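Accompanying notes for the structure given below.
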Amino acid sequence: MTITYRVSRRVTTEFFSILAQLLNKQLSVMNDRLMHLKERDWTETKAHSSWQIFKIMAEFVDGFESLAKIGPCISIFGSARTKAGSRYYELAHDIAKRLAEEGFGIITGGGPGVMEAANKGAQEAKGKSVGVNITLPHEQYPNPYIDHDKNMHFDYFFVRKVMFTKYSQGFIMMPGGFGTMDEFFEVATLIQTKKMTDTPMVLVGREYWSGLLDWIRSTMMEKESNIYPEDLGLLKLFDTADEVVEYFRVFYTTNKLRPNF
21 MTITYRVSRR VTTEFFSILA QLLNKQLSVM NDRLMHLKER DWTETKAHSS WQIFKIMAEF
81 VDGFESLAKI GPCISIFGSA RTKAGSRYYE LAHDIAKRLA EEGFGIITGG GPGVMEAANK
141 GAQEAKGKSV GVNITLPHEQ YPNPYIDHDK NMHFDYFFVR KVMFTKYSQG FIMMPGGFGT
201 MDEFFEVATL IQTKKMTDTP MVLVGREYWS GLLDWIRSTM MEKESNIYPE DLGLLKLFDT
261 ADEVVEYFRV FYTTNKLRPN F
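The opening residue of the sequence shown carries number 21 in this note's numbering; numbering runs sequentially from there.
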């Protein structure tokens, strides 16, 4: 006789949430022990890595459960150091607000600067405002404009980037630093390699991005032939909220909204 156990989604989510809390405590203890070792103990390092697998899995489950029914969203990336009231802060706010009015949810890294501006714009338009925060020793703290049930925290950048890319139907790159560049090239790679459906990607700020795009075209593409012209097909460079919103509006009059993978 075969007995089948059915576990509800809610119970599964609660289990992994509790598991993640327990693993955080366990990993914290092991991290402290490793920090005080004069010579690395590879046996202890292996044990630490084995525990990490469960923590990583718990973060994926938590993220998927939180965003599974989120609907069409656009991710907005940019610097945590952008000051309130500055040009790019206000531009990120306006873009997010207008896209939310078009029916898109807004996903950001959940921190200050550009991320705060975008979440603020989304909430003002009564749209969905998602923050996928990352635990860092400095700079990163949740901004106050994230919906309570969509304020997530991750320890691992790669888990966080999956949440950005899986649930977004468009990507907007505001001016930013290494983190924004990482996210830009991550998305470009996923689109180029067909790991993700063709998705609009917008760079905002010609003055900021033109140098990078010129180098990509002249050196990476024309001189070294490391990419093809079609790899840049969905990449657009704009300066205004009007241009950004119109691009997404036109694109999705002829393309379906769907999860990426």
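Note that the Cβ used here is the ideal one computed from N, Cα and C, for glycine as well. This one's a predicted model, so the numbers in the text were calculated from it and none came from an experiment.
Open item on the list: Residues in the same chain with beta-carbon distance under 6 Å from L87, minus the five sequence neighbours each way, listed in chain order, please.
Closed with: Within the same chain, L87 has close Cβ partners Y187.
TODO: Take the Cβ of H158 as the centre, count every other Cβ of all protein chains shown within 10 Å, and call the residue buried at 16 or more, exposed below.
DONE: Exposed, by the Cβ-count rule.
Open item on the list: List, from N- to C-terminal side, the beta strand (DSSP E) runs of 3 residues or more that fit wholly inside the segment 125-188.
Closed with: With a minimum length of 3 residues, the continuous beta strand (DSSP E) runs that stay inside the segment 125-188 are 125-128, 149-154 and 171-174.
Open item on the list: Can you give me the C-alpha to C-alpha distance between L210 and S149, rounded to a whole angstrom?
Closed with: Near 24 Å, if we compare the C-alpha coordinates of S149 and L210.
Open item on the list: Can you confirm whether the segment 121-130 touches the segment 218-230 when touching is taken to mean that 3 or more C-beta pairs between the two stretches lie within less than 8 Å?
Closed with: Segment contact: the segment 218-230 against the segment 121-130, fewer than three CB-CB distances shorter than 8 Å; contact not assigned.
TODO: Counting only runs of 4+ residues fully inside the segment 237-263, write out the alpha helix (DSSP H) ranges in chain order.
DONE: Considered as a whole, the segment 237-263 harbours no complete run of any alpha helix (DSSP H) with no fewer than 4 residues.
Open item on the list: In the DSSP assignment, the beta strand (DSSP E) including L223 goes from what residue to what residue?
Closed with: Unbroken beta strand (DSSP E) run through L223: M221 to V224.
- [ ] With DSSP as the reference, please indicate the residues paired to F191 in a beta bridge.
- [x] Under DSSP, the beta-bridge partners assigned to F191 are S95 and M221.
TODO: Figure out for me which residue from M194, M183, D202 and M241 has the closest Cα to the Cα of D114.
DONE: Nearest of M194, M183, D202 and M241 to D114, Cα basis: M194.
Task: Closest residue to M172 among D82, Y272 and R278 (Cα-Cα distance) - done: Taking each of D82, Y272 and R278 in turn and checking the Cα distance to M172, the smallest one comes out for D82.
- [ ] On a CA-only basis, which of Y161, K170 and V152 is nearest V182? Give me that one, please.
- [x] Residue V152 holds the alpha-carbon nearest to the alpha-carbon of V182 among Y161, K170 and V152.
TODO: Rank I73, T260 and I236 by C-alpha distance to the C-alpha of P249 and give the top, closest one.
DONE: Closest by C-alpha distance to P249, out of I73, T260 and I236, is I236.
Task: Enclosing alpha helix (DSSP H) for E203 [first to last residue] - done: E203: member of the alpha helix (DSSP H) spanning F198 to Q212, first to last residue.
Task: Boundaries of the alpha helix (DSSP H) in which I90 is found, first to last residue - done: Segment: none, I90 is in no alpha helix (DSSP H) and carries neither H nor E.
Task: Per-residue burial, G253 [other beta carbons within 10 Å of its own, 16 or more giving buried] - done: G253 should be labelled exposed.
Task: Where the alpha helix (DSSP H) through A104 begins and ends - done: Segment: none, A104 is in no alpha helix (DSSP H) and carries neither H nor E.
TODO: Report the three-state DSSP secondary structure of K117 (helix, strand or coil).
DONE: Residue state for K117 is assigned as helix, using DSSP reduced to three classes.
Task: Cα-Cα separation between A145 and S70, rounded to whole angstroms - done: Looking at the two C-alpha atoms, the distance is approximately 44 Å.
Open item on the list: With a threshold of 8 Å, are at least 3 pairs of Cβ atoms found where one atom belongs to the segment 96-113 and the other to the segment 163-171?
Closed with: Cβ pair count under 8 Å is below three, so no.
Task: Proximity of R118 and V265 at Cβ, strictly below 9 Å - done: Yes. Within cutoff.
- [ ] Apply the 10 Å Cβ neighbour rule to F204 and answer buried if 16 or more other Cβ atoms are within range, or exposed otherwise.
- [x] In this structure F204 is buried. Its beta-carbon is surrounded by 16 or more other beta-carbon atoms within 10 angstroms.
- [ ] Using the Cα positions of P279 and W229, report the straight-line distance between them to the nearest angstrom.
- [x] Cα-Cα distance, rounded: 28 Å.
Open item on the list: Let me check understanding here. Comparing Cα to Cα, which of S106, A100 and E121 lies closest to L156?
Closed with: If we check each option's Cα against that of L156, A100 comes out closest.
TODO: Report the three-state DSSP secondary structure of L277 (helix, strand or coil).
DONE: Residue state, collapsed to three classes: coil.
Task: Proximal residues to G125 (C-beta, below 8 Å), its chain only, five neighbours per side dropped - done: Cβ neighbours of G125 beyond the five flanking positions: I90, G91, P92, C93, I94, A142, G147, K148, S149 and V150.
Open item on the list: Within 10 Å of its beta-carbon, does T219 have 16 or more other beta-carbons around it, so buried, or fewer, so exposed?
Closed with: Buried: at least 16 other Cβ atoms inside 10 Å.
Open item on the list: Assuming V179 and E79 are in contact, meaning their beta carbons sit under 8 Å apart, how far apart are those beta carbons, in whole angstroms?
Closed with: Right, their Cβ atoms sit about 5 Å apart.
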